Amino acid sequence: IANVATRDKPYYLSTPIFYVNAAPHVGHLYTMVLADIIKRWQILQGKKVILSTGTDEHGMKIQQAAWKAGNDPKSFCDEGADVFKTLAARADVSHDHFVRTTDANHKEAVQYAWRLLRDRGYIYASKHEGWYSVSDETFYPQSGVHLVLEPSTGRKMMASIETGKEVEWTSETNYHFRLSAFKSQLLDFYDQNPGWVIPNTRMQDVVQQVLQGLEDLSVSRPTERLSWGIRVPDDESQTIYVWLDALLNYATIIGYPWTPGYERLAGWPVDLHVIGKDIVRFHCIYWPAFLMALDLPLPNRVLTTAHWTLGRQKMAKSTGNVVNPFFAIDRFGVDAMRYYLAHDGAITDDSDYSNEYIIERYKKGLQNGLGNLASRVLRGKSWNVQESIQTTRYRIINDDPPGEFSRKQWALLRDLPNTVKTHMEECQVGQALKVVMDAVYQGNKYLHHAAPWYHVPPSPTHNPNTHMNVPPEFKQSPEDAEYVNTCIFICAETLRLVGILLQPYMPTKSNQLLDMLGVDTTRRAFEYAHVGADGDYGQPNVDLGKGHKGALFPPLSSES
Ligand code: ME8
């Protein structure tokens with residue numbers, strides 16, 4: 038164990054596990070992609086990382102959806118889980134584990150946890166009475182219901198004020214978890230970890246909710262009402278509440294219950310949960326309370342994201358207001374979609390999804406931004422760059438390059454990796470991307486203003502329009518050569534740094550770019566994302582002439 042304890046704990050991050058009652062939409066894709074970007078970022082930092090995702094397969098909703106589809110629940114879930122797995126593969130989401138709550142080891146581990154909670158006195162049986170809605174699968178307080186007339190029949194009935202669904206007075210015995218006992222322990226924890234929930238506004242909401250008081254939580258349902266789930270150990274008449282079952286996935290997928298002393302090696306505790314803002318209460322109040330009761334260390338952080346809307350309405354499978362993620366990937370390409378989702382998907386405020394925005398981002402950022410800079414530097418026939426590279430190659434310059442424009446771009450590049458790192462440490466994935474893209478936009482401006490083509494002798498193959506001011510008898514002075522070298526160096530370094538930093542976002546395109554630059558595959562980690570870090574003075578490892586010359590981001594074929 039001594040040996041195990043000193044080994045590094047892998048960085049462990051998770052997505053929620055998704056309900057299989059309907060097909061995935063772009064909101065699910067966003068969560069997966071965001072988690073994958075963070076995973077790849079941590080790998081870039083040299084960490085060992087575990088990413089888990091999966092499907093949430095028990096409960097009334099799934100049971101009913103299966104019946105509706107004329108399928109038995111297990112086959113229905115098998116098909117649903119496959120669709121989410123396929124989506125992860127199509128989106129280049131590099132998960133290490135895919136948990137299914139119907140997996141035998143998950144079910145056994147949940148029952149183990151239940152027994153532990155029960156034996157420690159955190160679970161007790163009690164009678165529960167209240168207004169229950171079968172379709173919402175929840176109890177409502179007296180203040181949450183009212184008398185209405187059923188629209189079709191005029192029959193008087195009690196219904197939920199919130200959802201309009203019929204409720205019935207129900208009395209049942211089920212098990213409760215002593216959530217109320219954890220109020221002060223939770224508040225102490227939030228107090229000691231003020232940055233636990235990102236963003237801070239949601240952290241404050243959580244604290245407020247707990248301050249207002251916690252009621253014990255019903256954690257089982259009568260099996261006659263909910264049979265598609267994990268049975269309560271030693272009481273077949275009760276089935277475990279889906280959220281207790283589901284939250285435990287984060288532990289069961291990495292081998293809970295662990296041999297004491299081995300949990301760190303397995304990855305526990307979770308470093309980061311990535312979730313949508315719709316499930317904050319479950320992850321930030323119930324989950325830490327369950328873990329405290331189980332005596333397990335709490336997750337280090339929870340990143341809660343805003344939602345994607347379509348026509349300003351939340352994208353949700355229950356309403357059918359959704360975008361099919363497979364179609365979107367087919368149309369725009371996986372890296373372009375990852376780029377768009379990371380760029381426009383917000384943490385705090387909701388984002389409205391639109392194909393027009395995707396096309397706009399593609400044109401501005403990828404085609405005219407990054408793709409254009411790459412082709413100007415790597416295929417710079419118009420300004421003779423190939424000839425220049427062959428004659429001067431480029432040398433790594435000292436950190437005081439000549440000329441105002443060069444100095445400005447140089448300073449930008451010098452700050453770039455640390456600025457990106459600062460944002461990523463706060464899980465501001467979109468902000469970090471915008472900083473990288475700004476380096477690209479500035480790179481293009483820099484090249485335009487620095488205009489190295491005026492310092493290169495015209496060649497028979499050159500485009501005369503770009504050499505209008507260069508007379509045929511132009512002789513390149515050593516200063517001209519140095520100037521051109523500086524420009525090529527700074528632009529190539531812009532591309533190299535950007536290529537490294539974009540790997541988490543666009544794994545394929547960024548590596549294609551790094552191939553085009555001739556950057557060795559062993560020199561693509563974050564430690565190389567510094568100006569001049571790849572090679573010694575005068576001997577760059579970047580080989581601009583090496584890679585293939587196709588356009589990195591060809592025009593989108595369907596722009597209408
Ligand atoms: O809640 N925009 O599963 P779920 C952005 N099984 N993200 C969205 C989104 C949207 N419009 N809609 C969904 C569940 N998501 C439970 C979780 S975890 C132990 C159990 C994302 O299929 C977002 O991350 O309803 C949200 O939290 C998740 O999908 C919910 O997926």
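Its first residue numbered 38, the sequence shown is counted upward by one per residue in UniProt numbering. For every residue, glycine included, the Cβ atom is placed at its ideal position computed from N, Cα and C. Computed from a predicted model, the values in this text were never measured in an experiment.
Taking all protein chains shown into account, do 16 or more other C-beta atoms lie within 10 angstroms of the C-beta of residue i, making it buried, or fewer, making it exposed?
i	result
PHE526	buried
GLY575	Only weak support is given to the placement of GLY575: the predicted model assigns it a pLDDT of 43, under 50, and the question is left unresolved by the model.
ASP452	exposed
GLY201	exposed
SER180	exposed
THR289	buried
SER274	exposed
residue 603	Missing from the structure shown is residue 603; the chain here goes from 38 to 597 and no further.
CYS321	buried
PRO47	buried
ASP308	buried
ALA39	Note that ALA39 scores a pLDDT of 49, beneath 50, so its modelled location is shaky and nothing firm can be said.
ILE198	exposed
HIS142	Position check: residue 142 holds Asn in this sequence, whereas His was assumed. It counts as exposed.
ILE426	Any reading at ILE426 must be qualified, since the residue scores a pLDDT of 46, below 50, and its modelled position is unreliable; the value itself is stated next. Buried.
ASP45	exposed
ALA562	exposed
MET240	buried
LEU184	exposed
Is residue i near ligand 1, going by C-beta to nearest heavy atom under 8 Å?
i	result
PHE214	no
GLY232	no
ILE312	yes
GLU319	According to the sequence as given, residue 319 is Phe; it is not Glu. True, at least one ligand heavy atom lies under 8 Å from that Cβ.
LYS351	yes
ASP93	yes
residue 686	The structure shown does not extend to residue 686, since the chain is modelled only from 38 through 597, so no value can be given for it.
PRO65	Before going further, note that residue 65 is His rather than Pro in the sequence given. Under cutoff, so the answer is yes.
LYS354	yes
PHE55	yes
LEU284	yes
TRP280	yes
ALA343	yes
THR346	yes
HIS134	no
HIS62	yes
ILE291	no
ASP389	no
ASP315	yes
ILE68	In the sequence under discussion, the amino acid at residue 68 is Thr, which differs from the Ile named in the question. Correct: THR68 has its Cβ closer than 8 Å to ligand 1.
THR139	no
THR52	yes
Taking C-alpha atoms, which residue in the options lies nearest to residue i?
i	options	result
LEU186	THR385, MET69, ALA72, GLU203	GLU203
THR138	ALA125, SER257, TYR287	TYR287
LEU397	THR385, LEU593, ARG152	Residue identity differs from the one stated: residue 397 is Glu in this sequence, not Leu. The candidate whose alpha carbon is nearest that of GLU397 is LEU593.
GLY292	ASP332, VAL568, GLY304	GLY304
PHE327	GLU205, PRO508, ARG215	ARG215
ALA469	ALA59, GLN479, LYS458	LYS458
LEU538	LEU450, ILE99, ASN409	LEU450
TRP490	MET461, PRO439, VAL414	VAL414
ASN337	PHE226, TYR390, LEU281	PHE226
PRO515	CYS528, PRO494, LEU550, ASN230	PRO494
ALA379	LYS314, GLY402, ASN361, ASP367	GLY402
PHE369	ASN230, ALA128, THR456, HIS65	ALA128
ASP367	ALA383, LYS354, ASN392, PHE219	ASN392
VAL521	LYS546, GLN549, MET329, HIS485	HIS485
GLU261	ARG561, ASP571, ARG444, GLN100	GLN100
GLN79	THR123, ALA570, PRO541	PRO541
ARG77	VAL130, HIS62, ASP93	VAL130
LEU263	ASP253, VAL269, THR276	THR276
ASP387	TRP168, VAL311, HIS344	HIS344
LYS220	ARG192, TRP324, LEU281, GLY467	TRP324
MET97	ILE74, GLY117, PHE135, ASP173	ASP173
Identify every residue that forms a DSSP beta bridge with residue i.
i	result
TYR48	VAL86
ASP389	THR346
THR255	The residue you asked about is not Thr; residue 255 is Ser in the sequence shown. According to DSSP, which records beta bridges pairwise, SER255 is partnered with HIS213.
ILE312	THR341
GLY272	Looking at the sequence itself, residue 272 is Asp, so the reference to Gly does not match. Paired residue(s): VAL269.
GLY167	THR207
VAL185	MET194
Say whether chain B places a C-beta atom closer than 9 Å to the C-beta of residue i.
i	result
TYR483	Looking for chain B here will not work: only one protein chain is present.
Q. Which parts of the region 50-138 are runs of the alpha helix (DSSP H), unbroken and 4 residues or longer, counting only runs that do not cross its ends?
A. Every alpha helix (DSSP H) of 4 residues or more that sits fully in the region 50-138 is shown, in chain order, as 63-81, 97-105, 110-127.
(Q) Quick check on the DSSP output: what are the complete alpha helix (DSSP H) runs of length 4 or more inside the region 526-562, in order along the chain? (A) Given a length threshold of 4 residues, each whole run of the alpha helix (DSSP H) inside the region 526-562 is given here in chain order: 544-553.
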